[in-house]
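Visitor:
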Amino acid sequence: MNYIGDMRIPMRRVAHSRIREVNWDQLELGTYNSDHMLVCDYSEGRWFGPEIIPFGPFALLPTTLAFHYGQTIFEGMKAFRTEDGRVQIFRADKHYHRYLKSAERLCMPAVSPEVFIEGMRRLVQLDKEWVPGGAGTALYLRPFQIATDSRLKLKIADSYRFAIVCSPAGNYFAHPVRVKVEREYARAVRGGTGYAKCGGNYGGSLYPTQKAREEGYDQVLWTDGVSHEYIEESGMMNVFFVIDGVLVTPPLNDTTLDGVTRDSLLVLASAAGIPVEERSVSVEELREGLEHGRVKEAFGAGTAAVISPIWQIGIDGRDYTIPVSRDGSSVGVELKEMLDAIRYGRADDPYGWNFYI
Ligand code: COI
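Start counting the sequence shown at 4; every next residue gets the next number (the numbering used here).
Pasting the structure below:
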């Protein structure tokens, strides 16, 4: 996709770049931030022009609403450096549409696509030296929006800040993960905010995840918030299983995030002739499938982690190991290769997913 914008965006450049401080072999998400950020403020019923300024602190009063009542949303997307040296952002339009849904759910006004997409393009263009070039690396882009009214009264805010910051990133998880099916705590419930990318969903996940870590797991496999009988997501990612040769992922509803990686994998799998089903997976089906070797693969899928293989699943106190295939081949690896080929410019982009800088 190519978005042509003619908006004027004032830029204030850094006097000295911090890029020499980066250890390109240790790119943990958020360790480094690129030199610049985009900011855009809303008040009195309108957005004021965005500007690109040096990365730095926001001056906010302690009574700023976002600190208290969670009126915050964000997106996570990536810019890739292709082998021939171009830079491209992956599926910016799909991320923008999800941002619109999150903004609506959190009663926030949304910035225009010019600010979100064109603003991001200019920011990445300015900081393009920060887009790493190695395998599995990208410049992670974090658009976010917070309520900035200074008032302790709980109400929909009248003023907001939208911003985009960038962080060069490598692989999110270094190893395949061990997950625990969560039967007590819930990430989301019907009618709640599960489908929105709002800060509270992530804050609320920390305690159950910490408890699972104390038991030796890396992540939880979330189940539905009512019966705890159906699998929904994996940690901060969507989840996929290969059951009887079919790629299965739980369907989208208001408790599940409409993952951009999830959607991309479904498109790529269908195009490659891999049978795909978006359907509910019960804990019982999973247990039975693991016991009888019918579940051949499980993996989480998300922007930060891309595809994160799951090697062991704990269900009600018993651990089930998913054996690695003898020849090392897997649907997850095949799909990741197809996705990377498009994102790193090694393959055609028949879906128009790449947005060139
Ligand atoms: C992402 O995968 O991009 C996310 O937003 C998850 C975040 C916790 C890193």
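Heads up, the beta-carbon is just placed ideally off N, CA and C, and yes, glycines get one too.
1) Taking 7 Å as the line, does the beta carbon of L32 fall inside it for any heavy atom of the ligand COI?
2) Can you have a look at P171 and say buried or exposed, based on whether 16 or more other CB atoms are within 10 angstroms of its CB?
3) My parser needs the beta strand (DSSP E) runs of 3 or more residues fully inside the region 100–162; what are they?
4) Between the Cα of S208 and those of W225, K158, H98 and G194, spot the shortest distance and give me the residue it belongs to.
5) Pop quiz: V182 and Q222 are said to be a contact at Cβ under 8 Å. What is the actual Cβ separation, rounded to whole angstroms?
6) Is Y45 near the ligand COI - that is, is its Cβ less than 7 Å away from at least one heavy atom of it?
7) From T324, M14 and F83, pick the residue whose C-alpha is nearest to that of E291; which is it?
8) What are the boundary residues of the beta strand (DSSP E) that H2 is part of?
9) Looking at the ligand COI, does it come within less than 7 Å of Y205, judged from the CB to the closest heavy atom?
10) Hey, would you say the C-beta of A172 is under 7 Å away from at least one heavy atom of the ligand COI?
11) Taking the continuous alpha helix (DSSP H) assigned at K214, which residues delimit it?
12) Is M239 near the ligand COI - that is, is its Cβ less than 7 Å away from at least one heavy atom of it?
13) Less than 7 Å between the CB of A344 and some heavy atom of the ligand COI, yes or no?
14) I'd like the list of long-range same chain contacts for Y347, defined as Cβ closer than 7 Å, with 5 residues on each side in sequence excluded.
15) Return helix, strand or coil for Y220, following the three-state DSSP convention.
16) Cα-Cα, which of D152, E294, L103 and L293 is closest to C201?
17) Residues in its own chain within less than 7 Å of L64 by CB, not counting five upstream and five downstream?
18) Could you please give me the residues that DSSP links to R164 through a beta bridge?
19) With a threshold of 16 other CB atoms inside 10 Å of the CB of E288, please say whether the residue is buried or exposed.
20) Does the beta-carbon of I12 have 16 or more other beta-carbons within 10 angstroms, so that it is buried, or is it exposed?
21) Rounded to whole angstroms, what's the CA-CA distance from M4 to V168? Just pull it up for me.
22) The ligand COI and G305: does any heavy atom of the ligand fall closer than 7 Å to the residue's C-beta?
23) Any chance you could list the beta strand (DSSP E) runs of at least 3 consecutive residues sitting entirely within the region 20–96, in chain order?
24) Name the residue from A307, E24, A308 and W314 whose alpha carbon lies nearest to the alpha carbon of L361.
25) Taking the alpha-carbon of V192 as reference, which of A215, D257 and M123 has the nearest alpha-carbon?
26) Does DSSP put T258 in a helix, in a strand, or in coil?
27) Which stretch, first to last residue, makes up the beta strand (DSSP E) that contains V336?
28) What is the DSSP secondary structure of E287, counted as helix, strand or coil?
29) So, using beta-carbon positions, are V90 and V134 closer together than 8 Å?
30) Tell me whether A274 sits in a helix, a strand or coil according to DSSP, three-state version.
31) Determine the DSSP secondary structure at T264, reduced to helix, strand or coil.
32) Strictly by DSSP, which residues pair up with P171?
33) State buried or exposed for M10, treating a residue as buried only when at least 16 other CB atoms are found within 10 Å of its CB.
34) Can you name, in chain order, every residue of its own chain whose Cβ lies under 7 Å from the Cβ of R46, other than the five neighbours on each side?
35) Where does Y323 sit, in a helix, a strand or coil, going by DSSP?
36) If contacts are defined as beta-carbon pairs under 8 Å, then A304 and T264 qualify, I think. What distance do you get, rounded to the angstrom?
Guide: By the coordinates alone:
1) Yes, the ligand COI has a heavy atom inside 7 Å of this Cβ.
2) P171 is buried by the Cβ-count criterion.
3) Runs found: 141–150.
4) Comparing Cα positions, the closest option is W225.
5) Contact annotation, V182 with Q222: C-beta distance approximately 5 Å; criterion of less than 8 Å satisfied.
6) Result no, Cβ not under 7 Å from the ligand COI.
7) Nearest C-alpha to E291: T324.
8) Since the displayed the chain opens at 4 and closes at 360, residue 2 lies outside it and no answer follows.
9) It does: the Cβ of Y205 is within 7 Å (strictly closer) of some heavy atom of the ligand COI.
10) Incorrect: A172 has no Cβ contact closer than 7 Å to the ligand COI.
11) L209 to E217 is the extent of the alpha helix (DSSP H) around K214.
12) At a threshold of 7 Å, M239 counts as near the ligand COI, since its beta carbon sits closer than that to one of the ligand's heavy atoms.
13) Remark: the C-beta of A344 is outside contact range of the ligand COI, defined as less than 7 Å to any heavy atom.
14) Beyond the five residues adjoining it in sequence on each side, Y347 comes within less than 7 Å, by CB distance, of F83, T85 and E86 in the same chain, given in chain order.
15) Note: Y220 maps to coil in three-state DSSP.
16) Among D152, E294, L103 and L293, the Cα nearest to that of C201 belongs to L103.
17) Excluding its 5 nearest sequence neighbours in each direction, L64 has C-beta neighbours in its own chain below 7 Å: S153, listed in chain order.
18) According to DSSP, R164 bridges with D44 and I149.
19) So E288 counts as buried.
20) Answer is buried; the Cβ neighbour count reaches 16.
21) Confidence at M4 is low in this model, with a pLDDT of 45, below 50, so the placement of that residue is unreliable and no value is reported for it.
22) Correct: G305 has its Cβ closer than 7 Å to the ligand COI.
23) With a minimum length of 3 residues, the continuous beta strand (DSSP E) runs that stay inside the region 20–96 are 39–46, 54–57, 75–77, 80–84 and 90–93.
24) With the chain running from 4 to 360 in the structure shown, residue 361 is simply not present.
25) Relative to the Cα of V192, the nearest Cα in the group A215, D257 and M123 belongs to D257.
26) In the structure shown, T258 falls within a coil segment according to DSSP collapsed to helix, strand and coil.
27) Counting along the chain, V336 falls outside any beta strand (DSSP E), though it belongs to the alpha helix (DSSP H) covering V334 to R346.
28) Under the three-state reduction of DSSP, E287 is assigned to helix.
29) It is a contact, given that the beta carbons lie within the stated cut-off.
30) Secondary structure at A274: helix, using DSSP grouped into helix, strand and coil.
31) Look at T264 here: in three-state DSSP terms it is helix.
32) By DSSP's assignment, P171 forms a beta bridge with L142.
33) By the 10 Å Cβ count, M10 comes out exposed.
34) For clarity, residue 46 is Ser in the given sequence; the question names Arg instead. Cβ neighbours of S46 beyond the five flanking positions: D161 and S162.
35) In the displayed model, Y323 falls within a strand according to three-state DSSP.
36) About 4 Å; that satisfies the 8 Å criterion.
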